[in-house]
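Asks:
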Amino acid sequence: MTQRIDTTSLQIATRFALSGRSNTFAKLIQRLSVVGIGLGVCVLIVVSAIFNGFRIEITQSLTEITPHLIVTHDNHWWSDWQEVEKRLNRIEDIKTIRPRLRTFAMVAGRFTSPPVQLIQDMSESTNDELSTDIIEASLSPDLQHDLWLMPNDTFGVITATKQNNKPVNIRLKVSSEEIFSHNLMDHRSIHIKGNALRNVLKLPKNTITELDIDTQDILSADKTVKLLQQYLPADTQVRNVSQQFTNLLASLRMQKKLMIIVFSLVVVIAAFNLVTSLVMMVTERKKEIAVLRTLGLRKVSIIQIFVAQSILLATSGMMIGLCSGVIIAQNISSAMRWCEQWLGQKIMSKQVWMLDHLPAVIDPQDLTMICIGTIILATVAASYPAWIASRIDPADVLRYE
Numbered sequence: 382m383t384q385r386i387d388t389t390s391l392q393i394a395t396r397f398a399l400s401g402r403s404n405t406f407a408k409l410i411q412r413l414s415v416v417g418i419g420l421g422v423c424v425l426i427v428v429s430a431i432f433n434g435f436r437i438e439i440t441q442s443l444t445e446i447t448p449h450l451i452v453t454h455d456n457h458w459w460s461d462w463q464e465v466e467k468r469l470n471r472i473e474d475i476k477t478i479r480p481r482l483r484t485f486a487m488v489a490g491r492f493t494s495p496p497v498q499l500i501q502d503m504s505e506s507t508n509d510e511l512s513t514d515i516i517e518a519s520l521s522p523d524l525q526h527d528l529w530l531m532p533n534d535t536f537g538v539i540t541a542t543k544q545n546n547k548p549v550n551i552r553l554k555v556s557s558e559e560i561f562s563h564n565l566m567d568h569r570s571i572h573i574k575g576n577a578l579r580n581v582l583k584l585p586k587n588t589i590t591e592l593d594i595d596t597q598d599i600l601s602a603d604k605t606v607k608l609l610q611q612y613l614p615a616d617t618q619v620r621n622v623s624q625q626f627t628n629l630l631a632s633l634r635m636q637k638k639l640m641i642i643v644f645s646l647v648v649v650i651a652a653f654n655l656v657t658s659l660v661m662m663v664t665e666r667k668k669e670i671a672v673l674r675t676l677g678l679r680k681v682s683i684i685q686i687f688v689a690q691s692i693l694l695a696t697s698g699m700m701i702g703l704c705s706g707v708i709i710a711q712n713i714s715s716a717m718r719w720c721e722q723w724l725g726q727k728i729m730s731k732q733v734w735m736l737d738h739l740p741a742v743i744d745p746q747d748l749t750m751i752c753i754g755t756i757i758l759a760t761v762a763a764s765y766p767a768w769i770a771s772r773i774d775p776a777d778v779l780r781y782e
């Protein structure tokens, strides 16, 4: 019986929604509510997709340049690191391990002499043991700007050897390859290619200073640190470098939540229009409601009629917003590039936003939450008009008919 009444309520609600409205103003309010819900859903999808894209792109940029964890030796110079690397490779949470040689130096610049770090990736080292007079190195654009350097320019740095801490002058050539994407990302580091740094410092072949580790998830690096301590010997230390980026990623998530709350007000305003439309429909349909009550339809079924109608109207607006939001989010990056070409200037600067494009990644979970929230809001919006409709007295309405 309940299933039959629910089906009947849905059928009546569909007929009410599809039938014409005698009041032109009521028809306008109903259409505005549908369009408003669609606009709100569309904006929510686009905003959430852009924030997802920003978070993913920034996380990838951070992880490409700066390791999540750094394992160092108490003696600074580390020669028996291969066994430790084998042990750490057994941990599933670890993505990559890169042995590196890192030392401090000072630039012998023409106008400034900032302290820098010289870094050599030992996993990419060549077998060439010969040290050339000029060594190729990669710098961040900001460091190049501070030192007034251009690609293929040469400059000197002063560092100390391992044996007697004797100062040694190294001539470096600026590579045309850029490995940094933002001035906040390790911009005081100089990456040396090949085995040149090890040869200049007169170090044994397998000597490094640290193991740079990337985890599967940068946000779970703290848990990985505790796990690493079980595999590391007592004369080693592990440092969580990703902590300096945790606040940045957390702020992005918070900004996404705040923006979703702000743009959800568009859907809330449309829900108020939906309430107005349903109240006006109750006024128009008083006779039909009274007739249905005299035919034995219960108050609960009357409430179900207007709740179902509210959900139908909200669903139609939601589908419009869902389709348009997905289409806009998938093409917003191309649209921004077209606008930049048309305007003749860059809208997004890489030095300000860390990115030179507008990324958008659609998360199915976000789509599900937006759709569920819209349906819940439509159900709440229908509660007052449905309550008014259920209280209509058939005898009072039909006594003059």
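The numbering of the sequence shown is our numbering, which starts it at 382 and goes up by one.
Note that the Cβ used here is the ideal one computed from N, Cα and C, for glycine as well.
Give me, in chain order, the residues of the same chain whose beta-carbon lies closer than 7 Å to that of GLU510; leave out the 5 immediate sequence neighbours on both sides.
Replies: The residue you call residue 510 lines up with position 129 of the sequence shown. Low local confidence applies: a pLDDT of 48 at GLU510 is under 50, so the model's placement there is unreliable, and no value is given.
Asks: Give me, in chain order, the residues of the same chain whose beta-carbon lies closer than 6 Å to that of GLY702; leave out the 5 immediate sequence neighbours on both sides.
Replies: Residue 702 sits at position 321 when you count from the first residue of the sequence shown. Taken in chain order, the residues that qualify are GLY419, VAL422 and CYS423.
Asks: Note down the Cα distance separating LEU578 from THR590, rounded to an integer number of angstroms.
Replies: Locating residue 578 in the sequence shown gives position 197, where the first residue counts as 1. Locating residue 590 in the sequence shown gives position 209, where the first residue counts as 1. Their backbone Cα atoms lie some 12 Å apart in a straight line.
Asks: When burial is assigned at 16 or more other CB atoms within 10 Å of the CB, is TRP459 buried or exposed?
Replies: As a first step, residue 459 is located in the sequence shown; it is residue number 78 there, counting from the start. Per the 10 Å Cβ criterion, buried.
Asks: Assuming ALA651 contacts SER414 under a Cβ cut-off of 8 Å, what Cβ separation, rounded to an integer in Å, is found between them?
Replies: For this step, residue 651 is matched to residue 270 along the sequence shown. For this step, residue 414 is matched to residue 33 along the sequence shown. Right, the Cβ-Cβ distance comes to about 5 Å (below 8 Å), so this counts as a contact.
Asks: So what's HIS526 in DSSP terms, helix, strand or just coil?
Replies: By one-based count along the sequence shown, residue 526 stands at place 145. If DSSP states are grouped into helix, strand and coil, HIS526 belongs with the helices.
Asks: Give, in chain order, every unbroken run of the alpha helix (DSSP H) that is at least 4 residues long and sits entirely within the region 662-749.
Replies: 667-675, 680-724 and 731-734
Asks: According to DSSP, simplified to helix, strand and coil, what is ILE599?
Replies: As a first step, residue 599 must be located in the sequence shown, where it is residue number 218. It is helical.
Asks: Closer than 7 Å by C-beta to LEU613: which residues in its own chain qualify, once you throw out the five before and the five after it? Chain order, please.
Replies: Taking the sequence shown and counting its residues from 1, the one referred to as residue 613 is at position 232. VAL452, VAL465 and VAL619, listed in sequence order.
Asks: Between which two residues does the alpha helix (DSSP H) carrying ASP502 extend?
Replies: By one-based count along the sequence shown, residue 502 stands at place 121. Per DSSP, ASP502 belongs to no alpha helix (DSSP H); it is in the beta strand (DSSP E), 496-502.
Asks: LEU758 and ILE594: beta carbons closer than 7 Å?
Replies: Within the sequence shown, numbered from 1, the residue matching residue 758 stands at position 377. Within the sequence shown, numbered from 1, the residue matching residue 594 stands at position 213. It is not a contact, given that the beta carbons lie outside the stated cut-off.
Asks: Got a sec? Which residues, its chain only, sit under 7 Å from ALA689 by beta carbon, not counting five neighbours each side?
Replies: Translated into the one-based positions of the sequence shown, residue 689 becomes position 308. The beta carbon of ALA689 sits closer than 7 Å to those of SER390, LEU391 and ALA394, all from its chain and outside the five residues before and after it, given in chain order.
Asks: Three-state secondary structure (DSSP) at ALA763?
Replies: Position 382 of the sequence shown holds residue 763. In the structure shown, ALA763 sits in coil (DSSP, three-state: anything other than H, G, I, E or B).
Asks: Judging by CA-CA distance, which residue of LYS727, ARG481, SER494 and VAL488 is the nearest neighbour of ILE500?
Replies: Locating residue 500 in the sequence shown gives position 119, where the first residue counts as 1. Per the Cα distances, ARG481.
Asks: Considering only C-alpha positions, which residue in the set LEU646, THR675, HIS738 and SER429 is nearest to GLY417?
Replies: Mapped onto the sequence shown, residue 417 falls at position 36. Closest by alpha carbon: LEU646.
Asks: Kindly list the residues whose CB is nearer than 7 Å to the CB of SER512, restricted to its own chain and excluding five residues on each side of it in sequence; keep chain order.
Replies: Locating residue 512 in the sequence shown gives position 131, where the first residue counts as 1. Any reading at SER512 must be qualified, since the residue scores a pLDDT of 48, below 50, and its modelled position is unreliable; the value itself is stated next. Around SER512: ALA577, ASN580 and VAL581.
Asks: Within 10 angstroms of the Cβ of ASN456, are there 16 or more other Cβ atoms? Answer buried if so, exposed if not.
Replies: The residue you call residue 456 lines up with position 75 of the sequence shown. Its Cβ having fewer than 16 others within 10 Å, ASN456 is exposed.
Asks: Taking C-beta to C-beta, are VAL488 and VAL555 nearer than 7 Å?
Replies: Within the sequence shown, residue 488 is the residue found at index 107, counting from 1. Within the sequence shown, residue 555 is the residue found at index 174, counting from 1. Result no, Cβ atoms of VAL488 and VAL555 do not sit closer than 7 Å.
Asks: Leaving out five residues on either side along the sequence, give the residues of the same chain with a beta carbon under 7 Å from the beta carbon of SER504.
Replies: Numbered from its first residue, the sequence shown carries residue 504 at position 123. Same-chain partners within the cutoff: ARG479 and PRO480.
Asks: What residue range is occupied by the uninterrupted beta strand (DSSP E) comprising LYS476?
Replies: Within the sequence shown, the letter at position 95 stands for residue 476. Where LYS476 is concerned, the enclosing beta strand (DSSP E) stretches over 475-489.
Asks: Would you kindly check if the distance between the Cβ of THR540 and the Cβ of ARG552 is under 7 Å?
Replies: Residue numbering aside, residue 552 sits at position 171 when the sequence shown is read from its first letter. Residue numbering aside, residue 540 sits at position 159 when the sequence shown is read from its first letter. Not a contact, by the Cβ cut-off of 7 Å.
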